[in-house]
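So the structure is just underneath, and the comments pick up after that.
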Amino acid sequence: MSEPRSKAQHRRRRSRTALAVGVPLALTAAGTFTYGADLGILGSSVQQASAAAPAWAADTADGFASVNSLGQNGTYGGRGGQIVTVTTQAELEKYATATQPYVIVVAGTINMNPVGKEIKVQSDKTIVGRGTAGHIVGGGFFLGQGVHNVIIRNLTIRDAYQGIWNDKDHDFDAVQMDGAHHVWIDHNDLRHMADGLIDVRKDSTNVTVSWNRLSDNNKTFGIGWTENVKTDITIHHNWIRETEQRNPSTDNAAHAHLYNNFLEDAPGTAIKSAYGNYSRGGTKMVLENSLFQGVNNPVIKDSGAAIVQRGNSFSGTSGRNESGGSAFDPKTYYPYTLDKATDLPAVLKAGAGPRASIGTTAAATKAAAATTLTVAQDGSGQYRTVQAAVNAVPANNPSRVVIAVKPGTYRELVKVPSNKPHVTIQGTGGSRKDTTIVYNNASGTPKPGGGTYGTGGSATVAVEADDFQARNLTISNDFDEKANQSLNGHQAVALRTAADKVFLDGIIVSGDQDTLLLDTASKDRLGRVYVSNSYVIGNVDFIFGRATAVVDKSVITLKKRWDGTSAGYVTAPSTAANRKGILIANSTVNGDVSAGSFYLGRPWHAGGDASLDPQTTVRNTSLSNAIRSTPWTDMSGFSWKDDRFAEYKNSGAGAGSANSNRPHLSDAQAADQEVADWLAGWTPSAS
């Protein structure tokens, strides 16, 4: 299955939806530093014995960032400064903008407020994510004139996208540098920003960009914006996928060395590459052992620029592939070793992006390994099925257990029972479509022991345990309605949750009717679910249930029925009275269906229970023309007007003005229907 994408995926608001997310982490001793007596932070301790420094704290850059120039001998960041751990934006800003050196460990998800904010990093800093937990959401970093000796490493920086693909109004980058030097950007995951992922501008130089994943963006990586030919830059072992332009675009660079990069334009997605590596102006570029797969115009140059190509590989490419002119020998500046271009997919899928071993102490790495169970169909993991790994989790486990599932299609049923909380199921592939859990039960499918599964029992994955998380995978129900017309009961659930504090982050949930069932353990129990940066696909009541559920910064894809017709309902809440129902915020609703064919929702009074008070609010969301002008409708004799259905500041062809058949919240009402109101004190954090 190809991963659904949109050039207008979602918008973000500068509001209470920007949650401060993060989990505190004990600070890490390093080098000749010990814990301070009062605050538990690191203080200088000359000649005193202390714990050995983590290996990553002594890492230094390679490439042009390692070269001795401009009074800076290589790039080592905050080495020698205090190691501090941050979990909030305020803490991150405090240390990143300080004048003294710091190693700053980001230990959770930090949502930037306002959206688009770029923290002004000062010299002599290392900013590193703790394992894979360090996320900067909705903003990034800015390195100004003269800032030097900075390492940005092992972070996920994502989701400042404002809903406009070629955005000219929001200069929201992951990392921007204007006149900085000696900067190392390494092992990060950069994606879905409003402008560039990386901008190296205004004579910034001695920069190395290595082992990053750069994806899901229009403008990937721009270098230049100057008439001077001064920039020296090394770009190696980066996986650049599903990006349109600037891959990178290199303007007036004195020395640009690009090697062992994997540029991938996957078929069947909405994002199409305009070009790959571009040498502009007076740039001298050496391009070695890189792989271009499916990329349009993979290598191009201006008439005055130079490109020397060696050992590159091209698969399924088209358009311009150019070289010419004289450049330079990178080995006169620094040593390096080349991988074979054809090996890069395996090398980079395994090695690019944040790594668990960076940003943690040896003890923390060992502890994490002890609570990680690996699943692989080929026997290279501890278990061959996801359910076998779930079964291995001890009953009433007190802390997080991560089930790391290697790429593949796992045709199985998975159930996480209520006595196994704190479980994360996480795909380890480069994309959420690389790891799929799928089955094909429907409500009317006969059970082996008699009877049928029923709607809830049809779920491919059923979660009944609190504090569950799913990440970077696809959960699907591929029940074939067309082939089973004689079967009574076509509801076919992909994922059912019946628990509290469920965090679904960066996944695809795919089906037809009743795709995503967000339930609670019982009618009187609270069940909060937060769905973020995900795709939900279906056609009839495909986001439904009585949970207090948020679908935030996600894409809801409308799908045609089995017979090719377009008709359906996005939500079917069955909310208990005095609870909050389904909130769709900062998202996009689209799909290849007919105009005016889908309702946003209808009230599900499960079992005819008149005491229920179903609720759906859709706000700050882009609606395609598939949405009806009267977006709500009745269900099973219950009028939607007797329940709680409303919109607020939606956009797109499917949005409409307020009227008696299309209620809108007032500003005052909307202030009480934010994401934070739904989550009621719970702050989801990637674990």
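Positions in the sequence shown are counted from 1; adding 1447 to them yields this note's numbering. Backbone N, C-alpha and C define an ideal beta-carbon position, used for all residues, glycine too. Since the model is a prediction, treat every value here as computed from it, not as a measurement.
The three-state secondary structure of glutamine 1932, taken from DSSP, is coil.
The three-state reading of DSSP puts lysine 1666 in strand, counting E and B together. For the set Thr1764, Gly1563, Val1949 and Met1640, the Cα lying nearest the Cα of isoleucine 1872 is the one of Val1949. Threonine 1789 is classed as exposed because its beta carbon has fewer than 16 other beta carbons within 10 Å across all chains shown. With fewer than 16 neighbouring CB atoms inside 10 Å of its own CB, leucine 1517 falls in the exposed class.
In the DSSP annotation of this structure, the continuous segment of the alpha helix (DSSP H) that includes aspartate 2124 starts and ends at 2122-2126.
Proline 2050 and methionine 2082 do touch by the CB rule: their CB atoms are close to 5 Å apart, below 8 Å. For glutamate 1689, the uninterrupted beta strand (DSSP E) segment begins and ends at 1686-1692. In this structure, the straight-line span from the alpha carbon of valine 1597 to that of valine 1647 is close to 13 Å.
Straight-line measurement puts the Cα of glycine 1671 at about 46 Å from the Cα of glutamine 1824. As DSSP reads the structure, leucine 1963 sits in a beta bridge with Leu1942 and Ile1990. If you check the CB distance, alanine 2024 and serine 2058 come in under 7 Å.
From the listed residues Thr1902, Asp2056 and Glu1859, the smallest Cα separation to phenylalanine 1991 is found for Thr1902. Between the alpha carbons of glycine 1800 and histidine 1628 lies a gap of roughly 23 Å. The three-state reading of DSSP puts glutamate 1859 in coil, since its state is none of H, G, I, E or B.
The segment 1902-1911 makes contact with the segment 1863-1870: 3 or more CB pairs, one atom from each, lie closer than 8 Å. When the beta-carbon positions are compared, lysine 2027 and tryptophan 2125 come within less than 7 Å of each other. In its chain, beyond the 5 residues on either side, Asp1636, Trp1686, Ala1799 and Gly1800 have a beta carbon closer than 6 Å to the beta carbon of arginine 1660. Assignment of alanine 2093 by DSSP, reduced to helix, strand and coil, places it in the strand class. Per DSSP, the continuous beta strand (DSSP E) segment holding asparagine 1596 begins and ends at 1595-1600.
Around the C-beta of proline 1845, fewer than 16 other C-beta atoms lie within 10 Å, and the residue is accordingly described as exposed.
Buried is the label assigned to leucine 1710, since at least 16 other Cβ atoms lie within 10 Å of its Cβ.
In the DSSP annotation of this structure, the continuous segment of the beta strand (DSSP E) that includes valine 1533 starts and ends at 1529-1533. Between alanine 2133 and threonine 1556, the gap from beta carbon to beta carbon is short of 7 Å. Looking at the backbone, the Cα of isoleucine 1747 and that of asparagine 1843 are separated by about 58 Å.
The beta carbon of isoleucine 1805 sits closer than 7 Å to the beta carbons of Trp1503, Val1575, Arg1600, Asn1601 and His1634 from its chain, once the five residues preceding and following it are set aside; these are given in chain order.
In this structure threonine 1522 is in contact with tryptophan 1631, their Cβ atoms being roughly 5 Å apart against a cut-off of 8 Å.
Around the beta-carbon of asparagine 1736, 16 or more other beta-carbon atoms lie within 10 Å, marking it buried. In the structure shown, tryptophan 2087 adopts helical secondary structure according to DSSP, grouped into three states.
Relative to the Cα of glycine 2084, the nearest Cα in the group Pro1854, Lys1719 and Gly2055 belongs to Gly2055. Taking 3 residues as the shortest admissible run, the segment 1902-1933 contains the following complete beta strand (DSSP E) segments, listed from N- to C-terminal end: 1908-1910, 1916-1918 and 1921-1924. Residue pairing from DSSP places alanine 1996 in a beta bridge opposite Val1976 and Ile2029.
Annotated as proximal: valine 1978 and valine 1998, with beta-carbon spacing under 7 Å.
Residue pairing by DSSP puts arginine 2066 in a beta bridge opposite Ala2032 and Tyr2095. DSSP places tryptophan 1503 in the helix class (H, G or I) of the three-state scheme. For glutamine 1834, the enclosing alpha helix (DSSP H) covers residues 1833-1839.
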